[in-house]
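What follows is one structure encoded as structure tokens, with my remarks underneath.
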Amino acid sequence: MEQTNTTLPKDYEGRLLFEDKSSYLKESLCSYINRLKSINEFLVPAILYISAWETGKNEIWYEYAGDNFKDLFSSDIKNLPSIFRSCVSDRKTYTRNQNNVTIHTQNRALLLKKKFTIRNETESSGFNEAVYKINHKNDTFWLKDQAFVIPFPNDQITISIGNLTNVTKEMEAEEERKKTEEKLKKKEKILRSLFNNSYDSVIVTDIEGNIIDCNEVAQKTFGLSRKEMLQKRYYDFIIPEEKKKVISEISEIIDKKNIRTEATIQKNDSTQTRVEVSIVRIDNEPPVVQAFIRDISQRIALEREKIKTSKFRLVSTMATGITHDINNILSIVLGNLSLAAIEASKTENQSILKIIERIENAATHLETMTKKFLKFSDISLIFKNQVEIEKFFLKFIEKYKDVSFRINTSDNLKYFNINVPIFEPAIDSVIENSVEAMEDLKEKIIEINISSQSIKESSDLKQKLIREGNYIKIQIKDFGRGIEPKNIERIFDPYFSTKPLSSKKGTGLGLTNAFTAIKQHNGFIEVKSKENIMTNFIIYIPE
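Quick note: the sequence shown uses my numbering, first residue 17, plus one each step.
This is how it looks when you write it as structure tokens:
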């Protein structure tokens with residue numbers, strides 16, 4: 017052992033001063049221990065220590081440990097390293113980069129695995145700073161370790177001079193903050209998922225109406241990219257006729273938390289859709305407005321179809337009763353007219369016979385009308401036959417000679433199953449309506465397109481009270497004056513007409529009977545029209 021005049025510190029519990037080490041190491045170690053002892057006398061809360069390890073070996077021991085350190089773990093200096101190591105559940109280090117702080121957490125298993133790596137890193141830097149989570153005797157607390165690492169290469173020894181500070185309050189606050197952040201992130205993730213996966217269009221605007229966020233459904237609904245959407249205001253999509261009303265309603269969001277309204281929006285492709293808008297004000301800083309936009313065009317169509325079906329059922333019931341009452345009276349009238357004609361013929365009074373004849377003709381015409389009314393009210397099952405499509409429509413080409421027909425049929429379609437006496441007048445009524453709509457045109461053109469159509473549960477048509485299945489789709493399109501939007505829903509109503517009463521032709525039941533005939537075939541008819549451009553009657557009948 018190298019001779020030295022080093023005096024052992026009082027109550028020395030280490031081992032390097034008893035070993036064959038350099039005087040430089042021993043003198044330095046004595047100096048460090050004495051300084052820490054003097055600090056401990058003035059700073060009672062300080063938890064000071066000097067640890068040491070031999071290069072390349074696993075063992076770490078303490079050359080000095082303040083009483084506070086030993087008391088904290090109820091241990092002597094010899095057992096303190098193993099007790100301390102067993103109490104550590106994880107270790108945190110902090111990396112600062114400008115204004116950002118990155119926290120690196122290593123659990124107990126990882127600490128054991130990377131023990132030598134951590135030790136080498138502290139030797140290279142000459143400084144160690146870490147926070148340890150301690151679980152000891154059913155108590156959990158945090159100790160911040162700040163230490164200077166001093167190597168003695170000639171002796172193959174490294175000394176770490178450190179101070180442990182209890183930072184339990186700070187770390188509990190940090191953990192609570194982290195839990196809150198994680199909860200917020202999770203909540204934000206859920207909200208973002210709901211936002212992006214909503215079946216409705218969702219847009220977020222500032223209080224001035226500028227769009228600041230939108231989901232993918234909104235982008236598809238309006239036909240714009242997210243970048244294009246963020247350059248718009250919400251009212252850019254409202255049709256001009258409703259813009260003032262909607263802006264007025266939405267301005268109330270300043271005073272209310274939420275409102276609900278309806279509007280007609282215009283998409284990027286100029287098509288219009290009726291929507292329901294639910295608007296919520298979010299008290300952010302600055303406040304924002306979130307709007308949920310739901311397409312209700314299908315719901316409105318379904319409601320209209322239900323109303324139309326209910327109305328036809330009611331009218332059908334009334335028609336049945338009224339026609340039977342009229343027919344009973346007509347039977348009496350016609351019977352008595354026959355008797356009157358017999359009596360008049362005895363006197364050979366020609367003027368009376370002519371009067372009776374006119375009355376009979378009128379009564380017979382009324383009887384014909386009641387038969388049509390009965391046909392409209394008839395909801396009984398019908399028998400259908402396979403009919404060649406081309407021959408069926410040839411009749412109309414021959415009837416309406418001043419009209420140019422353009423008939424297109426899918427190659428695989430040759431026949432359809434219909435009841436000709438019922439279905440033929442229905443198509444004739446539709447074509448007649450188209451011809452009348454083009455009466456002011458020199459060239460009258462009707463396009464008839466016939467194709468197959470599969471209607472599934474997810475189909476938009478399924479929402480219009482039509483059964484699933486395979487259908488033949490017949491489109492009868494003219495290029496006449498069209499139908500005003502307000503009249504579209506009434507086009508099949510009995511006796512409905514936009515013409516003056518004096519100019520009406522026929523009974524006014526043509527399209528009504530067409531509607532009924534197609535319903536009898538378990539089919540469906542709808543109309544799409546643009547004023548002064550075209551009208552398209554679309555008929556679906558089961559294959």
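No residue lacks a Cβ here, since even glycine has one placed at the ideal position from N, Cα and C.
Selection from the options that minimises the alpha carbon distance to residue i
i    : options                   : result
S102 : N113, A125, K108 and V117 : A125
G498 : G485, E505, G539 and A453 : A453
Y148 : P169, H120, I93 and N154  : H120
K544 : F85, L527, P558 and E505  : E505
P441 : T532, K185 and K472       : T532
Q282 : R297, K195 and I309       : I309
Q491 : V262, Q288, I255 and I443 : I443
K153 : Q122, L88, P97 and R31    : L88
A279 : S267, V293 and S286       : V293
L246 : I228, Q536 and P437       : I228
V117 : E190, V436 and K37        : E190
S470 : K203, E404 and Y487       : Y487
P510 : Y80, T528 and L96         : T528
N566 : N84, R107, I76 and D106   : Coverage of the chain is limited to positions 17 through 559, which leaves residue 566 absent and any answer about it impossible.
Y431 : I466, P437, V451 and F399 : I466
N123 : N115, R107 and R112       : R107
M187 : E448, T23, V218 and A146  : A146
K415 : E448, I177 and L24        : E448
E257 : S44, Q288 and K236        : Q288
Those residues which DSSP pairs with residue i across a bridge
i    : result
G108 : It is Lys, not Gly, that sits at residue 108 in the sequence shown. Partner(s): T121 and V147.
Q306 : V220 and V296
S67  : Y78 and S176
I555 : I490 and I541
T280 : R290
T156 : N151
T181 : K160
V403 : F432
M579 : The structure shown does not extend to residue 579, since the chain is modelled only from 17 through 559, so no value can be given for it.
D311 : V291
I275 : I295
F168 : I173
N56  : In the DSSP output, where bridge partners are listed per residue, N56 has none listed.
N116 : N113
Any non-hydrogen atom of the ligand SAM within 7 Å of residue i CB
i    : result
K149 : With respect to the ligand SAM, the structure shown offers nothing to examine, as it has no ligands at all.
Alpha-carbon to alpha-carbon, residue j and residue i
i    : j    : result
K260 : D252 : 11 Å
S341 : V446 : Correcting the residue identity first, residue 341 is Asp in this sequence and not Ser. When rounded, the distance between both Cα atoms is 30 Å.
S67  : L33  : 13 Å
E383 : L525 : 15 Å
R422 : V233 : 39 Å
R135 : T174 : 10 Å
K520 : Y556 : In this predicted model, K520 has a pLDDT of only 49, less than 50, meaning its place in the structure is not dependable enough to derive any value.
K493 : G351 : 47 Å
N50  : I206 : 59 Å
A356 : T386 : 24 Å
G210 : F512 : Looking at the sequence shown, residue 210 is not Gly but Leu. Going from the Cα of L210 to the Cα of F512 covers about 47 Å.
D216 : K199 : 26 Å
E18  : D27  : Its pLDDT being 48, under 50, E18 is placed unreliably by the model, and nothing is read from it.
I93  : Y110 : 29 Å
E463 : S286 : 25 Å
E500 : I507 : 10 Å
G239 : I312 : 18 Å
N503 : E547 : 11 Å
L517 : I275 : Residue placement at L517 is flagged as unreliable, the pLDDT there being 48, under the threshold of 50; the coordinate-derived value follows with that caveat. Distance between the alpha carbons of L517 and I275 is about 45 Å.
G72  : K201 : 44 Å
S468 : K248 : 41 Å
E244 : V296 : 23 Å
L52  : T156 : 27 Å
S426 : K489 : 10 Å
K322 : G539 : 15 Å
Q536 : V436 : 12 Å
G30  : D36  : 14 Å
A81  : K185 : 24 Å
G142 : T133 : 14 Å
V403 : N343 : 34 Å
Beta carbon proximity, residue i to chain D, threshold 8 Å
i    : result
T339 : Chain labels in this structure do not include chain D; a single protein chain is all it has.
Margin query: Ignoring anything shorter than 4 residues, give me the alpha helix (DSSP H) runs that lie fully in the segment 412-493, in order along the chain.
Written below: Counting whole runs of 4 or more residues, the segment 412-493 contains the alpha helix (DSSP H) stretches 436-453.
Next item on the list: Assess, as a yes-or-no matter, whether the segment 372-380 is touched by the segment 408-415 under the definition of 3 or more beta carbon pairs within less than 8 Å.
Entry: They do not touch, by the three-pair rule.
Item checked: Sufficient close CB pairs (3 or more, under 8 Å) joining the segment 153-169 to the segment 179-188 -> Contact holds: three or more Cβ-Cβ distances are below 8 Å.
Next item on the list: Would you check if the segment 294-313 and the segment 218-236 touch, i.e. whether three or more CB-CB distances between them fall below 8 Å?
Entry: Three or more beta-carbon pairs separated by less than 8 Å link the segment 218-236 to the segment 294-313, which places the two stretches in contact.
Check: Which ranges would you report for the beta strand (DSSP E) in the segment 205-267 if only whole runs of at least 3 residues count?
Finding: Unbroken beta strand (DSSP E) runs of no fewer than 3 residues, entirely contained in the segment 205-267, are found at 217-222 and 227-230, following chain order.
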